[in-house]
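Step one of this worksheet: look at the structure below.
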Amino acid sequence: PTPTPTPTPTPSTTNTTIRLRICSRCQCLHYCSQTCQKENFADHKKQCKAISKATKLMEEEADKLKSCSDFGFSFGPPENLFETQVGRFWGLFDTRDYMRARCDLANLLYEIAYENETKELWDQVLFHSLEMLRLCTSDNLGIRYRIPCILLYLNRDDDAYSFCRYWETQSYSTDEDEEVREALHQSSHEGQWIYPKSKGCRYRDFFQDCAAVPDATTPKYISLSFLVAICIIKMRIVAAYDDHKKRGLAWDGHASTTVIESNRKQVQQLLDQIHQNNPSILPAIINPMPLKSQEPPSYHSTGHPSEVVHVLNDYNRAFVRVPGAEKMLQERFGHRPTYNWNLSL
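Position 137 of the sequence shown, counted from 1, bears residue number 137 in our numbering, the numbering being contiguous throughout.
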């Protein structure tokens, strides 16, 4: 029989590049066609309006600070505070409305990034978050606790590790370090990453790197968010190594077997410390519904279930996606553990 001739491909079947449409109002979501955009509009409408409104408010507050002659105790010629007061925002009362507006926008973008999980959205959230830290070295709004989470979703584990290490050690810096840090902030540009970067640093021993991290002899409390972030990083390292070995593949990571086993040990140390700092967090990762079924608290207190809600919202997904992570917790706490989930103070 005569073979059926292969049809000549048309341009539409050979060209796999699709030019995506972007929502013109919020500039967040991309669509493959106008039809797709219209079908999604009912779901996207509320977020779209909220982001547009928050962006406009932030821009209006920013305009007030670009020519400001009466701020703090200064009564001189108009200044652009984004040029002259970088690092000192929030300490100047006039900047607080702007910082709150930008924080609200970042939170809205975080929600939509968490739902859609695109690199572009996570990059937007990171940009706004880094800018707020650049403008306010003291981080009065607590932006730093969410940044490792964003970096983990972007698979920037080395940066997440460096960031946590920086914030856990900066409280021990000297006056000279403070002067260097202030100069760095003032010479940087909008949304710039101004923190140390070190390729392969995620393999390092966090307990040795950060004198502030608690161990058997150092009971100082460390941010629960940072401890969970570092634990996720270490679990990812171990999971990647174990997967290579299981499939008979050569390990091409940046660390020796000895270093991998050290990281495996650190996972257990971190889990112990996390549980010591807040006994509700690890059981809540396995059984989150008792907390999630309650109205989210507007506050949180160290060591209290209210703290768990905030950490869980950011890090739970990244934690349970690590192969073997849930099983590890189930071996410790059971499949449906009970814990203190009372949000009343």
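Virtual Cβ for every residue (Gly too), placed ideally from N, Cα, C.
Please report the distance separating the alpha-carbon of residue i from that of residue j.
i, j, result
"residue 208", "residue 258", "16 Å"
"residue 303", "residue 137", "26 Å"
"residue 67", "residue 81", "7 Å"
"residue 292", "residue 238", "30 Å"
"residue 270", "residue 339", "19 Å"
"residue 310", "residue 299", "9 Å"
"residue 63", "residue 56", "11 Å"
"residue 104", "residue 135", "16 Å"
"residue 248", "residue 320", "25 Å"
"residue 197", "residue 327", "33 Å"
"residue 38", "residue 124", "24 Å"
"residue 369", "residue 52", "Only positions 1 to 345 of the chain appear in the structure, and residue 369 is not among them; the question remains open."
"residue 111", "residue 127", "15 Å"
"residue 92", "residue 185", "16 Å"
"residue 210", "residue 265", "17 Å"
"residue 263", "residue 58", "43 Å"
"residue 131", "residue 156", "18 Å"
"residue 252", "residue 324", "21 Å"
"residue 188", "residue 245", "44 Å"
"residue 25", "residue 49", "8 Å"
"residue 5", "residue 34", "Legend: pLDDT at residue 5 = 47, less than 50; position of this residue unreliable, value from coordinates given subsequently. Straight-line Cα distance between these residues: approximately 35 Å."
"residue 261", "residue 42", "50 Å"
"residue 133", "residue 145", "11 Å"
"residue 254", "residue 241", "11 Å"
"residue 178", "residue 169", "12 Å"
"residue 228", "residue 129", "19 Å"
"residue 101", "residue 331", "44 Å"
Buried or exposed, going by whether 16 or more other CB atoms sit within 10 Å of the CB of residue i?
i, result
"residue 159", "buried"
"residue 314", "buried"
"residue 77", "exposed"
"residue 54", "buried"
"residue 329", "buried"
"residue 22", "exposed"
"residue 204", "buried"
"residue 44", "buried"
"residue 40", "exposed"
"residue 70", "exposed"
"residue 84", "exposed"
"residue 180", "exposed"
"residue 336", "exposed"
"residue 273", "buried"
"residue 183", "exposed"
"residue 280", "buried"
"residue 250", "exposed"
"residue 222", "buried"
"residue 18", "exposed"
Leaving out five residues on either side along the sequence, give the residues of the same chain with a beta carbon under 6 Å from the beta carbon of residue i.
i, result
"residue 140", "90"
"residue 343", "294, 297, 305, 306"
"residue 341", "290, 291, 305"
"residue 333", "283"
For the alpha helix (DSSP H) containing residue i, name the first residue and the last one.
i, result
"residue 265", "257–277"
"residue 330", "325–333"
"residue 169", "157–169"
"residue 315", "305–320"
"residue 131", "119–135"
"residue 252", "No alpha helix (DSSP H) contains residue 252, which DSSP labels as neither H nor E."
"residue 147", "147–153"
"residue 290", "289–292"
"residue 18", "Where residue 18 is concerned, there is no enclosing alpha helix (DSSP H), given that its DSSP letter is neither H nor E."
"residue 343", "First-last for residue 343: undefined, no H or E at that position."
"residue 283", "281–286"
Leaving out the 5 sequence neighbours to the left and right, which residues in its chain are closer than 8 Å to residue i when beta-carbon positions are compared?
i, result
"residue 122", "113, 150, 153, 154"
"residue 98", "58, 61, 62, 64, 65, 89"
"residue 195", "159, 162, 163, 166"
"residue 79", "67, 68, 69, 71, 85"
"residue 193", "130, 159"
Among the residues of its own chain, which have a CB less than 7 Å from the CB of residue i, if the five just before and after it don't count?
i, result
"residue 278", "224, 303, 307, 308"
"residue 301", "307, 345"
"residue 20", "30, 31, 32"
"residue 267", "231, 234, 235, 238"
"residue 2", "Since pLDDT at residue 2 reaches only 43, below the 50 mark, its modelled position is unreliable, and the value read off the structure follows with that caveat. If we look at residue 2 and ignore the five residues flanking it on each side, it has no Cβ neighbours."
"residue 96", "90"
Give the list of continuous beta strand (DSSP E) stretches no shorter than 3 residues that lie fully inside the region 65–104. Counting whole runs of 3 or more residues, the region 65–104 contains the beta strand (DSSP E) stretches 68–71, 74–79.
In chain order, what are the residue ranges of uninterrupted alpha helix (DSSP H) at least 4 long that sit wholly in the region 173–206? 175–186
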